[in-house]
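K.L.:
Counted the way my numbering counts, the sequence shown spans residues 6 to 239. By construction, the Cβ of each residue, glycine as well, lies at the ideal position given by its N, Cα and C atoms. Fair warning: this is a prediction, and the values are worked out from it, not measured in the lab. Provided herewith is a single structure, encoded as structure tokens, for subsequent inquiry.
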Amino acid sequence: LSFVRQLRDAGCALLAVHGRYRGSPMRRRDGPAHLDQVALIKQRLSVPVVTNGNVRSGAELVDSLLLTGADGAMTAEGALDDPAIFAKAIAHAHAERSRLAAERRRAKALKAQRHLTEEEAAVVRGRKAAKATLAQIKAISSALPPPPSAAPPPPFALAEQYIGLVEEHPPPGGAAALLSHAVFHLRRLCRTPLAEFGLLADLEACKSLAACADVIRRCRAFAEGSEAFQGRRR
Numbered sequence: 006l007s008f009v010r011q012l013r014d015a016g017c018a019l020l021a022v023h024g025r026y027r028g029s030p031m032r033r034r035d036g037p038a039h040l041d042q043v044a045l046i047k048q049r050l051s052v053p054v055v056t057n058g059n060v061r062s063g064a065e066l067v068d069s070l071l072l073t074g075a076d077g078a079m080t081a082e083g084a085l086d087d088p089a090i091f092a093k094a095i096a097h098a099h100a101e102r103s104r105l106a107a108e109r110r111r112a113k114a115l116k117a118q119r120h121l122t123e124e125e126a127a128v129v130r131g132r133k134a135a136k137a138t139l140a141q142i143k144a145i146s147s148a149l150p151p152p153p154s155a156a157p158p159p160p161f162a163l164a165e166q167y168i169g170l171v172e173e174h175p176p177p178g179g180a181a182a183l184l185s186h187a188v189f190h191l192r193r194l195c196r197t198p199l200a201e202f203g204l205l206a207d208l209e210a211c212k213s214l215a216a217c218a219d220v221i222r223r224c225r226a227f228a229e230g231s232e233a234f235q236g237r238r239r
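Set out below in structure tokens:
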């Protein structure tokens, strides 16, 4: 907290905090991020705080905002595995707002009844917590765009979009850099189906972007059943 105050006094206008302790030479990470520490910093600091850590899905992104009270969230690995993570977070926040509002209405109606089941009694007991969470969710969702009208694209569609973008905007460093980046990102995007159909080694052996695209095409065909898979799924 002393260092945070020094940053504030030096003119820091926004602070992003990765709530994880330093790892070791043998282990890059020392367990999960300590979001309670991010929450403490947010309580003590007047400038906007962005939380980072423990975000692998849209739901976890929203949860991190609820846990920390931060003004925003950032993610690295979560977005590498799912570039649609922010769209999913937006949809989740709006869905949670609707769910909690319905839960509060139900609790209010049940409170007037004399005989309740254990589940109904639990809903009534949880109405204050639901009210507090709903207030947080309202604050989060009101700052977001409306939920997407269509479901976020699945991994194969994201992979195909990525290949098209790489073709149009190749990275600096020439063909070797392009191939290295493409294999890395496509492996992150489609790791599960690539492993299921034994295609990870095929992707890593690719010598061109076109070959990478063909591996992804085959993987999608196997997953969707348009081509028969002859091996053993893993």
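1) With 16 as the cutoff for other CB atoms within 10 Å, does Gly24 come out buried or exposed?
2) Please classify His120 as buried or exposed, where buried requires at least 16 other C-beta atoms within 10 Å of its C-beta.
3) Put Leu184 into one of helix, strand or coil per three-state DSSP.
4) How long is the line joining the alpha carbons of His190 and Met79, rounded to whole angstroms?
5) In three-state DSSP terms, what is Val52?
6) For Ala200, does the three-state DSSP call read helix, strand or coil?
7) Quick check on this structure: which residue in Thr122, Ala106 and Glu123 has the alpha carbon closest to the alpha carbon of Lys133?
8) Determine the DSSP secondary structure at Arg61, reduced to helix, strand or coil.
9) Run through DSSP, which three-state label would Arg239 get?
10) Counting C-beta neighbours from all protein chains within 10 Å, is the total for Asp14 16 or more, i.e. buried, or is it exposed?
11) Less than 8 Å between the beta carbons of Gln141 and Leu85, yes or no?
12) Does Leu115 come out as helix, strand or coil in the three-state DSSP assignment?
13) Say whether the region 197 to 211 touches the region 165 to 174, bearing in mind that this needs 3 or more beta-carbon pairs closer than 8 Å, one atom from each stretch.
14) Go ahead and label Ala98 buried or exposed: buried means 16 or more other beta carbons lie within 10 angstroms of its beta carbon, across all protein chains shown.
15) So which of Arg61, Gln235 and Gly74 has the shortest CA-CA distance to Pro88?
16) Go to Ala21, then tell me how far its beta strand (DSSP E) extends in each direction, as first and last residue.
P.N.:
Here's the rundown:
1) Translated into the one-based positions of the sequence shown, residue 24 becomes position 19. With 16 or more other Cβ atoms within 10 Å, it is buried.
2) Position 115 of the sequence shown, counted from the first residue, corresponds to residue 120. Looking at its Cβ environment, which holds fewer than 16 other Cβ atoms inside 10 Å, His120 is exposed.
3) The residue given as residue 184 occupies position 179 in the sequence shown. Leu184: helix per DSSP, three-state reduction.
4) In the sequence shown, the residue the question calls residue 190 occupies position 185. In the sequence shown, the residue the question calls residue 79 occupies position 74. If you take the alpha carbons of His190 and Met79, they lie about 19 Å apart.
5) In the sequence shown, counting from the first residue as 1, residue 52 sits at position 47. Coil, per DSSP.
6) Within the sequence shown, the letter at position 195 stands for residue 200. If DSSP states are grouped into helix, strand and coil, Ala200 belongs with the helices.
7) Stepping through the sequence shown from its first residue, residue 133 is reached at position 128. Selected option, being the one with the closest Cα: Ala106.
8) The count along the sequence shown starts at 1 and reaches residue 61 at position 56. In the structure shown, Arg61 sits in coil (DSSP, three-state: anything other than H, G, I, E or B).
9) For the purposes of this step, residue 239 is identified with residue 234 of the sequence shown, where counting begins at 1. It is coil, neither helix nor strand.
10) In the sequence shown, counting from the first residue as 1, residue 14 sits at position 9. Flag for Asp14 reads exposed.
11) Position 136 of the sequence shown, counting from 1, holds the residue named residue 141. Position 80 of the sequence shown, counting from 1, holds the residue named residue 85. Result no, Cβ atoms of Gln141 and Leu85 do not sit closer than 8 Å.
12) Counted from its first residue, the sequence shown places residue 115 at position 110. The answer is helix: DSSP assigns Leu115 an H, G or I state.
13) no
14) Position 93 of the sequence shown, counting from 1, holds the residue named residue 98. Buried: at least 16 other Cβ atoms inside 10 Å.
15) The residue you call residue 88 lines up with position 83 of the sequence shown. Comparing Cα-Cα distances from Pro88 to each of Arg61, Gln235 and Gly74, the minimum goes to Arg61.
16) Looking up residue 21 in the sequence shown gives position 16. That run of the beta strand (DSSP E) goes Leu20 to His23.
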